[in-house]
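Undergrad:
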Amino acid sequence: LPESISLIPSLKILNVSGNQLSKISSEFKSLQNIDVINLRGNAFRRLPKVLMYFPLLRELDLGENDALQLKISLQVLSEIKLLDKLYLDGTGIRRLPNKFTELKKLQELSIGNNRKMDLTQMFDVLSDMKSLHVLSLENSAITELPSNLATISSLAGLVLDKNEEIDMDSVIDYVQRSG
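Each position in the sequence shown, counted from 1, maps to that position plus 237 in the numbering used here.
(1) Can you give me the start and stop residues for the beta strand (DSSP E) that S373 sits inside?
(2) For a minimum of 3 consecutive residues, which ranges assigned as the beta strand (DSSP E) are wholly contained in the region 269 to 302?
(3) Specify the secondary structure class of I242 as computed by DSSP and reduced to three states.
(4) Going by alpha carbons, who is nearest to G327 out of S364, M366, S347, L311?
(5) If contacts are defined as beta-carbon pairs under 8 Å, then S368 and Q344 qualify, I think. What distance do you get, rounded to the angstrom?
(6) Flag this pair as yes or no: are the beta carbons of L325 and L299 separated by less than 7 Å?
(7) How far does the alpha helix (DSSP H) with S391 in it extend, from its first residue to its last?
(8) Can you pull the DSSP bridge partners for Y324?
(9) Given that a residue counts as buried once 16 or more other Cβ atoms are within 10 Å of its Cβ, and exposed if not, what is I409?
(10) For G349, count neighbouring C-beta atoms within 10 Å of its own C-beta (all shown protein chains included) and say buried if the count is 16 or more, exposed if not.
(11) Please classify D398: is it buried, with 16 or more other beta-carbons within 10 angstroms of its beta-carbon, or exposed?
(12) Going by DSSP in three states, N335 sits in which element: helix, strand or coil?
(13) Roughly how far, in whole angstroms, is the beta-carbon of N252 from the beta-carbon of N279, given that I think they are within contact range, below 8 Å?
(14) Does the beta-carbon of N302 have 16 or more other beta-carbons within 10 angstroms, so that it is buried, or is it exposed?
(15) Only counting the same chain, and skipping five residues up and downstream in sequence, which positions put a Cβ closer than 7 Å to that of K286?
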């Protein structure tokens, strides 16, 4: 990633998707106005610590970083105080660490395209996230919604497209319990 980008202090959106990046230089700390970063389709195993220094960062796309280690990356994520949209689709996540609840402002979470997720465990963790309004689980090979989905009391939107085998009775049951 060219360090000359760090010389554009007015930059608000940075899209560096699909570049096989695995790190970002600390020189990028100077980009204090960044509020959206797209790191989709790169080679991150851990989140760059420089992300903690973007005080206005609200939206972060980490999708398709299939080597991402979420448990280790939470140290950085939890320091992003205004983060309200997070995309983790296609990262191979199977379980959400309990510390995920430290993302207090998170309103939208896309975690689809992770076909081996433990949904019951994930919903247990997400039930403590009072600001979560939209959850996207597209293309996740879901066959049935666990009953504990209804414990995510703030949830207003649920995206389940491309889950061809889903039992619609479990979806209807969820809608009736939550609504």
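We put the CB at the ideal spot given by N, CA and C, even for glycine.
Quick caveat, the model's predicted, so the values are computed rather than measured.
TA: In terms of the structure at hand:
(1) 371 to 373
(2) The region 269 to 302 contains these whole beta strand (DSSP E) runs: 273 to 275, 296 to 298.
(3) helix
(4) For G327, the nearest C-alpha among the options comes from S347.
(5) The beta-carbon distance between S368 and Q344, rounded to whole angstroms, is 5 Å. This is short enough to meet the 8 Å contact definition.
(6) For L325 and L299, yes; Cβs fall inside 7 Å.
(7) No alpha helix (DSSP H) contains S391, which DSSP labels as neither H nor E.
(8) D298, S347
(9) exposed
(10) buried
(11) exposed
(12) Here N335 sits in helix by DSSP.
(13) Not really, about 11 Å apart at Cβ, beyond 8 Å.
(14) buried
(15) Excluding sequence neighbours, K286 sits near V313.
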